[in-house]
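Here the structure comes first, spelled out in structure tokens, and everything after it is commentary.
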Amino acid sequence: MAKIIDDETMENVCILAKLSLSEEEKEKAKADMQRMLDYVEKLDELDTDNTEPLSHIFGDSNMFREDVVTNGDNKEAMLANAPKAKEWQYQVPKTIG
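So the sequence shown is numbered by the numbering used here: it starts at 1 and just counts up by one.
Right under this line is the structure:
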């Protein structure tokens, strides 16, 4: 059986989560937490000895496309709207003294 959620554990959870719960709310939360722990314990019953570990749920491999330049080098168009340009570069005000 899973660990039993007692009043001390519930009080610690309330402190850590900065919750202010009434006694009725604490009892309901204890019951909910106990059900969660019981469910997680059920997972321990599964036989996973022959199961391969997964790094991702999909079995697909690299699905990225090749990195191919499609728009070329268009310096004139890139610098057309620049306030100032010098030697095919953006010219900006000096920011470090």
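By construction, the Cβ of each residue, glycine as well, lies at the ideal position given by its N, Cα and C atoms.
Beta-bridge partners of residue i, as assigned by DSSP
i: A85; result: Y90
Cβ-based neighbour list, residue i, same chain, cut-off 6 Å, excluding 5 preceding and 5 following
i: K26; result: M10
Chain-order list of residues whose beta-carbon lies under 8 Å from that of residue i (same chain, five-residue window excluded)
i: D32; result: none
Whole-Å CB distance - residue i paired with residue j, under 8 Å assumed
i: I5; j: Q34; result: 5 Å
i: K3; j: L37; result: 6 Å
Contact set for residue i: own chain, Cβ-Cβ below 7 Å, skip 5 residues either direction
i: E81; result: Checking the sequence, you will find Asn at residue 81 rather than Glu. There are no such residues.
i: K30; result: I5 and M10
Next item on the list: With a floor of 4 residues, list each alpha helix (DSSP H) that falls wholly inside the segment 12–66, ordered by position along the chain.
Entry: With a minimum length of 4 residues, the continuous alpha helix (DSSP H) runs that stay inside the segment 12–66 are 23–43.
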